[in-house]
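When we follow the numbering used here, the leftmost residue of the sequence shown carries the number 72, and every step to the right adds one. Positions of the beta carbon are idealized from the N, C-alpha and C atoms, including for glycine. In this text, all values refer to a predicted model and were calculated from it rather than measured experimentally.
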Amino acid sequence: MVIKVVILIGGYMLFVKEGKALIKTKLNEKEVFYNPRGKFTRSLGVIVVAAEGEVKGRELVVADALAATGIRGIRYFLESGKVKKLFLNDISRTAYYIIQENLKLNKISGESAIVTRLDANSFLSSHFKEKDKFDLVDVDPYGSPAPYIDNSVSAVKEGGILAITATDLAPLCGIYPWPAFRKYWALPLRGEFCHEIAARILINLVVQSCGRKERVPEPILTCRSEHYIRVYVRIKKGKRNFPYEKIGFIYRCEKCLEVYVRSIKEAFMNKCPICGSNLLTSGPLWIGDLHSVSFLDKLNRVKDLVEEDRAKVDKFLFFFKKELKMPPYYYDVSKACGLLKKSMPSIQRIINALISMGFKATRTHFNPVGIKTTAPYKEFLEVIKLSTKA
Ligand SMILES: C[S@@+](CC[C@H](N)C(=O)[O-])C[C@H]1O[C@@H](n2cnc3c(N)ncnc32)[C@H](O)[C@@H]1O
Numbered sequence: 072m073v074i075k076v077v078i079l080i081g082g083y084m085l086f087v088k089e090g091k092a093l094i095k096t097k098l099n100e101k102e103v104f105y106n107p108r109g110k111f112t113r114s115l116g117v118i119v120v121a122a123e124g125e126v127k128g129r130e131l132v133v134a135d136a137l138a139a140t141g142i143r144g145i146r147y148f149l150e151s152g153k154v155k156k157l158f159l160n161d162i163s164r165t166a167y168y169i170i171q172e173n174l175k176l177n178k179i180s181g182e183s184a185i186v187t188r189l190d191a192n193s194f195l196s197s198h199f200k201e202k203d204k205f206d207l208v209d210v211d212p213y214g215s216p217a218p219y220i221d222n223s224v225s226a227v228k229e230g231g232i233l234a235i236t237a238t239d240l241a242p243l244c245g246i247y248p249w250p251a252f253r254k255y256w257a258l259p260l261r262g263e264f265c266h267e268i269a270a271r272i273l274i275n276l277v278v279q280s281c282g283r284k285e286r287v288p289e290p291i292l293t294c295r296s297e298h299y300i301r302v303y304v305r306i307k308k309g310k311r312n313f314p315y316e317k318i319g320f321i322y323r324c325e326k327c328l329e330v331y332v333r334s335i336k337e338a339f340m341n342k343c344p345i346c347g348s349n350l351l352t353s354g355p356l357w358i359g360d361l362h363s364v365s366f367l368d369k370l371n372r373v374k375d376l377v378e379e380d381r382a383k384v385d386k387f388l389f390f391f392k393k394e395l396k397m398p399p400y401y402y403d404v405s406k407a408c409g410l411l412k413k414s415m416p417s418i419q420r421i422i423n424a425l426i427s428m429g430f431k432a433t434r435t436h437f438n439p440v441g442i443k444t445t446a447p448y449k450e451f452l453e454v455i456k457l458s459t460k461a
């Protein structure tokens, strides 16, 4: 229910009654974000907090890192009966003041609620110490929550809950697939079940972050409603039971519309198009250049400043330049000689032979007997055979 109150002096002011909370959304003519379309997600959040209080058998410490009017946390406090302490943070000055007014309006004391005005990442990272972490961290930003995932995972107590909202459904639902990939490291799928794919991509973002921090995620509730996707993920310590088998791909035939699901392990099992054997897979990884041409030029200009390791610095700078615009791997000549049961030929002779056949070829700083070349491995072996005696 939305109640508008006209104040005679000081202009027009909007109060909102949502659940048990009465919320002011405007301060000195400045609006603070309040979206009535988010009411259901806040109502669902109330029962999540209530249920989690029962799971834990105690009252909880809860944070809303991007709190706006504070309505979400205030409703959790007033309606779940399970919030011991509430942390409400927002970067906006107006939000900071209005949250304090709203806490007073709802008779929540300064002992029960702490208000801060920080960037969400600074706020979350100031709660990394075990004793300062939260039972539930709520991240409800404009658009994508991706910038806040790493710090929010770290701010969740052992066995606590990370609750995140995403409203950037255009990329997540496949209208802009590559911007989605940039933010989420996953390609969405446009079409009939795009919202479920969006939710699964969001969960996978939390899963990736957990993996980096030796934590194990378990999605406990996932919801699409109105203009957003909302996921609740329980986060525990550990690495042994990381859910590799639950990460994967969903494929859809663009012609017959059949759907296929493959775990990441299955998806990485590919066959060699030349000989049909298993392809050993690496990645996703960077396959672009490893150095910048202009920065290498700068390094060459200042290299005389260093006296230590001069010969090695020169050699490496030379190889770095050679590695540019070459394939993102190299072949090991000693390994090839082992396969062919041949003695080691001169590396430069092989490079010259490859170049004379029309391939690009160069040494690499990664390995003194490594060669980067555009030649297929078969041709590389042929060159070694011809360059060596048995
Ligand atoms: C979508 S609103 C939050 C809505 C609120 N959780 C609710 O349920 O009504 C996003 C809020 O994030 C705040 N914000 C934007 N960037 C921020 C940042 N980097 N750190 C903290 N708060 C930020 C904005 O001021 C805005 O109030």
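Exercise. Does the Cβ of Tyr167 lie closer than 7 Å to at least one heavy atom of ligand 1?
Worked result: no
Problem set entry | Top-ranked residue by Cα proximity to Ser353, from Ile145, Glu201 and Ala338 | Ala338
For this session: Give me the Cα-Cα distance between Pro439 and Phe430, rounded to the nearest whole angstrom.
Result: 20 Å
Exercise. Using 8 Å as the threshold, is the segment 371-391 in touch with the segment 406-420, meaning 3 or more CB pairs across them?
Worked result: no
Problem set entry | Reference Ala136; option with closest CA among Leu115, Arg108, Phe111 and Ala191 | Ala191
Exercise. Taking the C-alpha atoms as reference points, what is the distance between Arg453 and Val210?
Worked result: With the sequence shown as reference, residue 453 is identified as Glu, and Arg is not the correct amino acid for it. Computed Cα separation, rounded: 58 Å.
Exercise. Within the present structure, is the beta-carbon of Ala104 separated from the nearest heavy atom of ligand 1 by less than 7 Å?
Worked result: Reading off the sequence shown, one finds Phe at residue 104, where the question assumed Ala. Flag set: Cβ of Phe104 near ligand 1.
Exercise. To which residues does DSSP link Cys294 through a beta bridge?
Worked result: Arg301
Problem set entry | Inter-residue Cα distance where the pair is Asp375 and Lys342 | 50 Å
Problem set entry | Distance between Leu260 and Ile272 (C-alpha atoms, nearest Å) | 10 Å
For this session: Let me know if Ile185 comes out buried or exposed under the rule of 16 or more other beta-carbons within 10 Å of its beta-carbon.
Result: exposed
Problem set entry | Collapsed DSSP secondary structure at Arg445 in the structure displayed | This sequence places Thr at residue 445; Arg is not what is there. Reduced to three states, the DSSP call for Thr445 is coil.
Exercise. Just to check, is the beta-carbon of Ala139 closer than 7 Å to a non-hydrogen atom of ligand 1?
Worked result: yes
Exercise. Tyr299 and Thr238: beta carbons closer than 8 Å?
Worked result: yes
Exercise. Which partner residues does Leu207 have in the DSSP bridge list?
Worked result: Val133 and Ile232
Exercise. Where do the ends of the alpha helix (DSSP H) carrying Val117 lie?
Worked result: Lys110 to Lys127
Exercise. Span of the alpha helix (DSSP H) holding Ile142?
Worked result: Ile142 to Ser151
Problem set entry | Under 8 Å between C-beta atoms of Val120 and Ser151 | yes
Exercise. What residue range is occupied by the uninterrupted beta strand (DSSP E) comprising Tyr322?
Worked result: Gly319 to Arg323
Exercise. What are the partner residues of Val332, as DSSP defines its beta bridges?
Worked result: Ile321
For this session: Check whether the Cβ of Ala191 sits closer than 7 Å to any heavy atom of ligand 1, and report yes or no.
Result: yes
For this session: Please look up how many angstroms separate the CB atoms of Ala92 and Ala138, rounded, as I've assumed it's under 8 Å.
Result: Going by Cβ atoms, the distance from Ala92 to Ala138 rounds to 13 Å, so no, they are not a contact pair.
Exercise. Closest to Ile358 by CA distance: which of Gly282, Ser180 and Met397 is it?
Worked result: Met397
Exercise. Excluding five sequence neighbours on each side, which residues of the same chain lie with their C-beta closer than 6 Å to the C-beta of Gly81?
Worked result: The pLDDT assigned to Gly81 is 48, lower than 50, so where the model puts this residue is not dependable, and the model offers no usable value.
Exercise. Counting along the chain, where does the alpha helix (DSSP H) carrying Arg253 start and finish?
Worked result: Pro248 to Tyr255
For this session: Please state whether DSSP places Thr96 in a helix, a strand or coil.
Result: coil
Problem set entry | Proximal residues to Leu159 (C-beta, below 7 Å), its chain only, five neighbours per side dropped | Asp135, Ala138, Gly141, Gly144, Ile170, Ala184 and Val186
For this session: Starting from the Cα of Lys175, find the closest Cα among Gly124, Leu149 and Pro242 and give me that residue.
Result: Leu149
Exercise. Which residue from Pro416, Glu267, Cys294 and Glu125 puts its Cα closest to that of Thr112?
Worked result: Cys294
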